[in-house]
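Residue numbers (my numbering): 68 to 174.
In what follows, a structure is listed as structure tokens, so that the remarks can point back to it.
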């Protein structure tokens with residue numbers, strides 16, 4: 068499936084679930100629930116990448132991306148905003164004469 072189409076469908080799923088009683092607690096105004104969930108999922112990604120199979124890593128990364136998208140929706144951040152920022156960083160990197168990148172380094 069095309070990535071853009073998949074992201075669009077995922078956004079629609081999140082919008083539909085926003086009013087679901089089980090899911091809506093993540094959208095509560097004063098709630099830290101989604102932030103805690105992202106922290107939990109981030110830790111699971113780290114542990115999976117250290118100890119688990121590729122299949123488990125993909126599973127945990129997918130959970131993290133999903134929860135990040137929920138947070139983005141709660142904060143009124145569109146996926147296009149993120150893509151635009153990544154494009155700016157890419158262009159800045161390409162335009163720099165030095166090898167210093169605007170992307171975080173991976174050690």
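The C-beta atom is built at its ideal place from N, Cα and C for all residues, glycine as well.
Quiz item: Between 131, 91, 89 and 117, which lies nearest to residue 105 when the distance is taken from Cα to Cα?
Solution: With respect to the C-alpha of residue 105, the residue from 131, 91, 89 and 117 having the closest C-alpha is 131.
Quiz item: Are residue 101 and residue 161 touching if we call contact CB-CB under 8 Å?
Solution: Not a contact, by the Cβ cut-off of 8 Å.
Quiz item: Could you give the distance in angstroms between the alpha-carbon of residue 147 and the alpha-carbon of residue 153?
Solution: So the two alpha carbons sit approximately 10 Å from each other.
Quiz item: How many Å lie between residue 76 and residue 150 at the Cα?
Solution: For the pair residue 76 and residue 150, the Cα-to-Cα distance works out to about 17 Å.
Quiz item: Where residue 133 and residue 118 are concerned, what is the direct C-alpha to C-alpha distance, given to the nearest angstrom?
Solution: Going by the C-alpha atoms only, they are around 22 Å apart.
Quiz item: Taking DSSP as the reference, what is the three-state secondary structure of residue 130?
Solution: Here DSSP, grouped into helix, strand and coil, assigns residue 130 to helix.
Practice problem: Jot down the residue ranges of each uninterrupted alpha helix (DSSP H) in the region 68-141, minimum 4 residues, whole runs only, in chain order. | Solution: Listed in chain order, the complete alpha helix (DSSP H) runs (minimum 4 residues) inside the region 68-141 are 70-84, 100-118 and 121-141.
Self-check item: Alpha-carbon to alpha-carbon, residue 122 and residue 73
Solution: Roughly 19 Å between the two C-alpha positions.
Quiz item: First and last residue of the alpha helix (DSSP H) that includes residue 162?
Solution: First-last of the alpha helix (DSSP H) with residue 162: 146-162.
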